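Numbering (our numbering), first residue to last: 5 to 250. Just so it is clear, CB atoms sit at the ideal spot from N, CA and C, and this is done for glycine as well. These numbers were taken from a predicted model, which means no experiment stands behind them. The next block holds one structure in the form of structure tokens; read it before the comments.
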């Protein structure tokens with residue numbers, strides 16, 4: 005009973021601080037609390053901490069050189085605050101995996117759960133820091149393009165993508181007691197998921213900017229759609245691998 009109360013308090017504080025610090029808007033905060041509650045009540049507090057780690061680092065890289073990104077119109081709308089679409093895209097896949105703990109061993113589910121967050125972290129690092137590079141190339145044909153174009157990649161962005169994925173992989177080793185070889189799998193799949201995100205962006209998200217408030221007229225998918233698909237697909241791969249080999 006005490007642990008349930010502690011988890012409830014953590015969820016409340018999470019929502020309050022997200023709104024108070026203007027990390028999420030109101031609808032985004034509600035969605036985040038629901039997702040956080042699913043994760044923390046279905047699993048362990050350490051799983052929620054991993055999600056919280058993503059949120060903290062996400063805020064840091066979003067605010068990094070925000071003035072420059074705003075000037076170049078490469079910033080998130082709402083002064084960097086994440087909206088409900090962002091929260092669902094990044095938070096729904098790990099929440100679904102966490103809920104599946106009722107049907108599968110928790111250690112097996114730890115792998116796809118961590119991979120889902122690793123993809124989100126990798127993409128966030130790549131997009132928020134990678135746009136600062138003046139040397140961006142289209143992932144499909146390697147032609148030079150402007151920073152921020154959908155499907156654009158750079159050496160800076162790729163390095164940051166690997167860094168973001170590695171942070172989650174290493175954190176999972178300590179927080180979730182994932183074996184070292186599985187932590188390496190998390191890092192690799194997290195990075196691959198980011199590349200899938202870029203490929204989807206290049207082919208289905210239109211030919212202009214990647215931010216929601218600059219959605220191209222020829223876009224089939226929004227930025228959040230691309231995030232949700234890439235995270236879900238990579239987490240599914242991790243789930244199959246974990247079930248077959250764990």
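If you ignore the 5 residues before and after residue 231, its C-beta comes within less than 8 Å of the C-beta of 90, 93, 94, 124, 127 and 201, all in its own chain and listed in chain order. In the same chain as residue 47, and ignoring 5 residues on each side of it, the C-beta atoms closer than 6 Å to its own belong to 102 and 105, in chain order. If you check the CB distance, residue 170 and residue 196 do not come in under 8 Å.
Collapsing the DSSP output to three states places residue 135 in coil. Between the alpha carbons of residue 141 and residue 132 lies a distance of about 16 Å. Here residue 236 is near residue 97, since their CB atoms are less than 8 Å apart. Nearest in C-alpha terms to residue 204, of all of 154, 194, 174 and 166, is 154.
For the pair residue 74 and residue 6, the Cα-to-Cα distance works out to about 45 Å.
For residue 140, the enclosing beta strand (DSSP E) covers residues 140-142. One thing to note: residue 199 has its Cβ no nearer than 8 Å to the Cβ of residue 227.
Shown here, residue 27 sits in coil according to DSSP, grouped into three states, outside any helix or strand.
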